[in-house]
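So the structure is just underneath, and the comments pick up after that.
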Amino acid sequence: MKQLLMLLLTVLPMVTSAQTSWSADNGNGTFTNPLFYDEFSDPDILRVGDDYYLAGTTMHTVPGLVILHSKDLVNWENISYCFDRFDFDDDAFSLKNHQEIYGQGIWAPCIRYANGQFYVYSNINGKGLQCYTSKDIRGPWKHHNMQGRIYDLSVLFDDDGKIYAIHGYGEVRCTELKADMSGPKEETERVIIPEGNAVGEGHHMYKINGMYYLISTDYRPNGRTLCSRSKSIWGPYETVTITADETFGYHAASLTQVPQGEQYRIGHDGTAFGIPEIDKDATACTNIHQGGIVEDQSGQWWALLMMDFHSIGRTVTLAPITWKDGWPMLGLEGNLGRAPRTWFKPNVQSVAVTQQQTIPCAPYNRNELFNGKALGRIWQWNHNPDDKKWSLKNGRLRLQSMPAEQLMWARNTLTQRVIGPTSIATVELYVGGMKVGDVAGLGNINVPCSWIGIVKDRKDLILRCYEQATNDTIDAIDTKVPVDRIWLRMVGDYDHDRAHYEWSFNGEVFHQIGREMPLSYQLISFQGSRHALFAFNHKGKQGGYVEFDNFTVEEPMADRSGNIPYNKTFRIINLATGKPMIALEHGLLYDTEENDRSKLTRFRLIDKGQGKVALQCEDGRYVFVSGFGLAGDVRLTTDASKAEEFLWQDYLNREFMLMSMRTHLYIGKSPTTGSPYSMDYKGADPARRNGAVFRWEE
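What the sequence shown shows, in my numbering, is residues 14 to 711, in sequence order.
Structural data, given as structure tokens:
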């Protein structure tokens, strides 16, 4: 259904704050998860000397198989891709003739270092096992098509020189690989863990002190991370769960549904898709699960695991490991299996790591002026591009439009990941070279997709917004589009899975077009939302061209320096009850009526450094913990030396948790039992309403 609506202008001020980008590094010796507030799927971690490398999935986009580098496991830089384009002739890899590889491509890499070179293994749907080798992590990389049905694998270079691939779901198999990477060795495949042991997929194999450890993830019925161990690579293995239910207080996202019994097409009428209501109490695969582990220079072990993170896609988290009875348990003593959202950075100061190498930084530069000879590393093409149909000329990106029915079939679409929690992406579009039937603009590559752009219809230029989920086209009428340029913008609140589009004729005053759109998570293309610069011709012709300039991304919540309320007096509101915390004269913490603003509801922080704080009531008493966490153990005292030392857990938007540095448990209050505050909470539940998550108000 097509709607032609009179545009209601909503004037929004231009954001003028300094540009910053999310970094997990808090600048005080701590970090806050996620490591990146954008998509990085199937992480595999490798340490070589004082350097850390992280490889991740790129699916159908190119360049492919991304590799990040770090000196401290917290601050990362994108330094390499294993290939510039898929070197297969199939039309599907280039989005030709209605052939595509959405939800396929290359995924779940394994990065290793042996024999003086780097190896990255991964699977390409329909092509089998692939390996990329290089003596320099920055490339160039040599491609080995190993074929064979081995995917979602880990590779172990064993002490005896043999190379093993571990793969499979439920029934785990081990296959020996040829040293020249020409393929698997015939008749070496054996089952090492039979089905029925609740073991999953996404394997990461390590040999530690002579013992074989296999980290895997299971998604039935929800995400769990498992560890299996054996004295022999061939087994038998025993298995334990090393983490479950750690969502950092994020519930599962709406999952795009395809009608049962219908054959799915990317270009389908979007009203056939379903985006159901979410269960905010459900964990699903929102909890941290698939990923690898690594030992730092000090001997501390860390896990880098992903979580399904709303419409952003999959993000990476960093969690300390505590070895318990020979098992690498995630978390800290006293609270094993869970992980702090905020914790102390790895202790790598003993090595030659300069301050400049570990200052807070983001892995990508998202802004692009298009002034260079090459695109920035953040950009990826949606499928192989036609290099004759794009160029960087005179400080702009030029895209020539090619025939396509809609955005998801448009070749030479340039994409980059969206970033949360909130962000505003803006680009200048020059439209003077458009021909009849051309469509160009700024879109969101997701399923369903959407876009804002200009359509050339005869002699007219039409400003249009399209949303596939509703199959609606909204045109701005009575708005003459200059033949010169227009500014287009996407405003996203990705923590709450919503976004809208705006436009401007001067780059200062912006107007909204279309509705506030719901965004979803989906396992159709296996990617999160992506900004897309596109041009296509919907009349099936080779069209004209458009030019893009000055792509910027503003992140209003990236600066977290004021998130901890130092030097403020504030009330603490429990998200589960909506009631303020009160320090009773009786010596306990309880809750009180919403409008109670008495002295006993006012608190302040005592800064203990590195994000550690003590909590003091305005009457001078301090919060401390007596005992082992039973109800009533949280008390109040006038003795400052007894004050409990908490590590502030930043949940953004003035929401937080307080973790005891002694017990590694959290302070909280049950919303149902009527008990006072206690110190026996293991973490937040997905909906943040179990009583352990608070909001402060000044």
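Beta carbons: idealized from backbone N, C-alpha and C, even for Gly.
Under the three-state DSSP convention, the category residue i falls into
i, result
"Phe518", "coil"
"Trp403", "strand"
"Leu382", "coil"
"His599", "coil"
"Trp422", "helix"
"Phe106", "helix"
"Lys625", "strand"
"Ser324", "helix"
"Ser691", "strand"
"Lys244", "coil"
"Lys655", "helix"
"Thr439", "strand"
"Ala37", "coil"
"Lys612", "helix"
"Gly305", "strand"
"Ala332", "strand"
"Thr74", "strand"
"Thr428", "strand"
"Ala285", "helix"
"Arg708", "strand"
"Met447", "coil"
Minimum C-alpha distance to residue i - residue among the options
i, options, result
"Ile163", "Gly196, Ile150, Gly433 and Gly687", "Gly196"
"Asp100", "Asp57, Tyr126, Ile124 and Lys155", "Lys155"
"Lys402", "Gln393, Thr426 and Pro153", "Thr426"
"Val460", "Ile577, Val329, Pro398 and Ile325", "Ile325"
"Thr74", "Tyr94, Glu90, Pro56 and Arg60", "Tyr94"
"Gly633", "Leu613, Trp120, Tyr534 and Gly520", "Leu613"
"Gly408", "Gly385, Gly213 and Lys552", "Gly385"
"Thr296", "Asn138, Arg702, Asp698 and Arg351", "Asp698"
"Thr238", "His216, Gly600 and Gly591", "His216"
"Ile585", "Asp506, Glu567, Asn576 and Phe616", "Phe616"
"Ala596", "Gly645, Tyr558, Lys448 and Pro56", "Gly645"
"Lys682", "Val636, Leu588 and Ser241", "Leu588"
"Asn576", "Ser611, Asn666 and Ala656", "Asn666"
"Thr254", "Gly262, Gly236, Ala265 and Asp473", "Gly236"
"Asp63", "Leu86, Gly433 and Leu78", "Leu86"
"His157", "Arg151, Thr146 and Ile150", "Thr146"
Whole-number beta carbon distance between residue j and residue i, since they are thought to touch under 8 Å
i, j, result
"Tyr603", "Tyr690", "7 Å"
"Phe547", "Gly456", "6 Å"
"Asp572", "Pro593", "Not a contact, Cβ separation roughly 28 Å."
"Lys695", "Leu671", "That pair is no contact at about 14 Å."
"Met692", "Val638", "5 Å"
"Leu166", "Tyr132", "Actually they are not in contact, since the Cβ atoms of Leu166 and Tyr132 sit about 12 Å apart, beyond 8 Å."
"Ile306", "Pro341", "6 Å"
"Arg498", "Tyr443", "5 Å"
"Ile465", "Tyr514", "4 Å"
Test item: CB-CB of residue i and residue j under 8 Å
i, j, result
"Asn6", "Asp102", "In the structure as shown, the chain starts at 14 and stops at 711, and residue 6 therefore has no counterpart that could be examined."
"Ala756", "Leu343", "The structure shown does not extend to residue 756, since the chain is modelled only from 14 to 711, so the question has no answer here."
"Gly450", "Gly556", "yes"
"Ile206", "Gly161", "no"
"Pro359", "Gln313", "yes"
"Phe49", "Val361", "no"
"Arg424", "Glu560", "no"
"Thr299", "Ser533", "no"
"Ala352", "Ile288", "no"
"Thr70", "Trp120", "yes"
"Asn550", "Met415", "yes"
Exposure of residue i, with buried meaning 16 or more beta-carbon neighbours within 10 Å
i, result
"Val364", "With a pLDDT of 49 at Val364, under the threshold of 50, the modelled position of that residue is not reliable, and the figure given next carries that caveat. Val364 should be labelled exposed."
"Asn128", "exposed"
"Glu290", "exposed"
"Lys244", "exposed"
"Pro47", "buried"
"Val431", "buried"
"Asp172", "exposed"
"Asn703", "buried"
"Thr355", "buried"
"Ala387", "exposed"
"Asp620", "exposed"
"Ala192", "exposed"
"His599", "exposed"
"Ser54", "buried"
"Val636", "buried"
"Leu382", "exposed"
Chain C contact for residue i (CB, 8 Å cutoff)
i, result
"Gly624", "Protein chains in the displayed structure number just one, and chain C is not present."
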